[in-house]
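Here the protein sequences come in this chain order: A and B. Counting in our numbering, the first sequence runs from 765 upward without gaps. Counting in our numbering, the second sequence runs from 511 upward without gaps. Glycine included, every Cβ here is placed at the ideal spot set by N, Cα and C. Please read these numbers as outputs of a predicted model, since none were measured by experiment.
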Amino acid sequence: MKRLSNNRKAVSPVIASILMILITMIGMTLLFAFVASYSDNYKAGIGSSVMESMTIEDIWLSPNSTSYANSVVQISLYNTGKVDSLINSIYVNGSALVSVGSASPNFGLKIPVGWHQQVLAQWPQASNWISNSSYIFKITTQRGSNFEANYVAP
Amino acid sequence: MKTNFLRNKKGVAEIIGTLLFIIILLFFFTNVYLWHDSATKQMDDLYVQKLNSPITVYAYQAQSGATILNVTNRGGVDTTLSMVWVALKPSNGGPDLSHTPYAVSGLLGAQAVLPAGSSEEFQSPVQAYQKVLFTVVSTVGNTASCSYTRVP
């Protein structure tokens with residue numbers, strides 16, 4: 765028995781095995797943390813763009829006005845998708861509109877699933893709507909989805 | 511040659527290690543793949559439902575003089591109506607006078623569900639003697655519009 769405790773042979777293989785297991789465990793933990801974080805970010809971000817669906821249900825040019833003297837438009841959106849959407853920007857015929865009152869092209873408007881939301885936007889420069897003109901409205905979300913609607917000014 | 515190759519055990523650990531590494535990586539990323547597959551299937555179901563439940567709407571004047579809206583589900587699956595937009599048009603052109611949304615559940619009660627191939631009628635929330643554009647929206651995002659002018 766005494767001989768066993770005094771025998772130092774094979775101590776280093778045991779330590780080496782323990783060290784190897786420790787290093788493997790640390791490596792696997794790091795790899796798992798990276799993959800878990802990556803998949804969570806993917807699911808919350810661009811990955812869930814497939815679950816976005818938006819309906820532009822109404823467009824009202826120059827709301828509450830008797831003439832097209834202003835460039836304001838009221839757009840009503842309906843989130844028919846499976847995830848909440850964040851409206852980033854709105855384009856008309858390729859030009860970015862700005863939020864009324866803030867002059868920012870970044871709307872940052874969150875629309876939960878199944879909600880209807882109205883947005884007020886306007887041209888950044890002095891430019892009015894023209895009767896019988898066709899306008900293509902494009903809504904862009906934070907995840908990169910685009911939703912378009914064609915509208916002819918009455 | 512073949513015997514030497516089979517007897518040579520050098521490099522076996524590297525091959526096993528690589529195989530294990532690939533298996534572990536596949537195990538981790540299967541999670542992402544399965545989630546993406548499930549998300550795509552959910553949206554496919556939504557698009558199929560949308561394609562199979564187109565709606566149409568027309569308006570007419572009842573004998574009482576009230577404007578009645580008739581909405582028909584032309585598809586093969588049931589649909590639920592969400593909103594009716596009423597846009598009042600000016601008589602001399604220019605911007606619309608008003609755009610007002612009305613929840614269909616408020617107009618139809620609990621019968622906002624429109625079974626496949628059936629029609630539902632309800633009274634227009636607006637009884638104006640001017641040109642009106644009605645737009646009906648379903649919960650899957652289908653829309654139908656009709657223009658109507660009530661006769662005095």
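Range covered by the beta strand (DSSP E) that runs through residue i
| i | result |
| --- | --- |
| residue 902 of chain A | 898-905 |
| residue 592 of chain B | 589-598 |
| residue 570 of chain B | 565-571 |
| residue 540 of chain B | Not the beta strand (DSSP E): residue 540 of chain B falls in the alpha helix (DSSP H), residues 522-561. |
| residue 883 of chain A | 880-886 |
| residue 868 of chain A | Per DSSP, residue 868 of chain A belongs to no beta strand (DSSP E) and is neither H nor E. |
Same chain only: Cβ atoms within 6 Å of residue i, ignoring 5 sequence neighbours per side
| i | result |
| --- | --- |
| residue 545 of chain B | none |
| residue 881 of chain A | 841 and 875 |
| residue 532 of chain B | none |
| residue 906 of chain A | 850 and 852 |
Cross-strand partners of residue i (DSSP beta bridge)
| i | result |
| --- | --- |
| residue 859 of chain A | A:856 |
| residue 874 of chain A | A:850 |
| residue 659 of chain B | B:641 |
| residue 609 of chain B | B:597 |
| residue 624 of chain B | B:589 |
| residue 820 of chain A | A:841 |
| residue 516 of chain B | Answer is none; residue 516 of chain B lacks a bridge partner. |
| residue 577 of chain B | B:571 |
| residue 915 of chain A | A:899 |
Contacting residues, own chain, Cβ-Cβ under 8 Å from residue i (five flanking each side not counted)
| i | result |
| --- | --- |
| residue 815 of chain A | 845, 846 and 847 |
| residue 893 of chain A | 825, 826, 832, 835, 837, 899 and 917 |
| residue 580 of chain B | 567, 568, 569, 570, 629, 630 and 631 |
Euclidean distance between Cα positions of residue i and residue j
| i | j | result |
| --- | --- | --- |
| residue 904 of chain A | residue 660 of chain B | 38 Å |
| residue 523 of chain B | residue 530 of chain B | 10 Å |
| residue 560 of chain B | residue 625 of chain B | 14 Å |
| residue 633 of chain B | residue 662 of chain B | 17 Å |
| residue 828 of chain A | residue 599 of chain B | 12 Å |
| residue 552 of chain B | residue 781 of chain A | 48 Å |
| residue 605 of chain B | residue 658 of chain B | 17 Å |
| residue 784 of chain A | residue 797 of chain A | 20 Å |
| residue 536 of chain B | residue 851 of chain A | 35 Å |
| residue 857 of chain A | residue 793 of chain A | 50 Å |
| residue 818 of chain A | residue 554 of chain B | 15 Å |
| residue 567 of chain B | residue 808 of chain A | 38 Å |
| residue 801 of chain A | residue 644 of chain B | 48 Å |
Residue range of the unbroken alpha helix (DSSP H) whose run includes residue i
| i | result |
| --- | --- |
| residue 614 of chain B | 614-618 |
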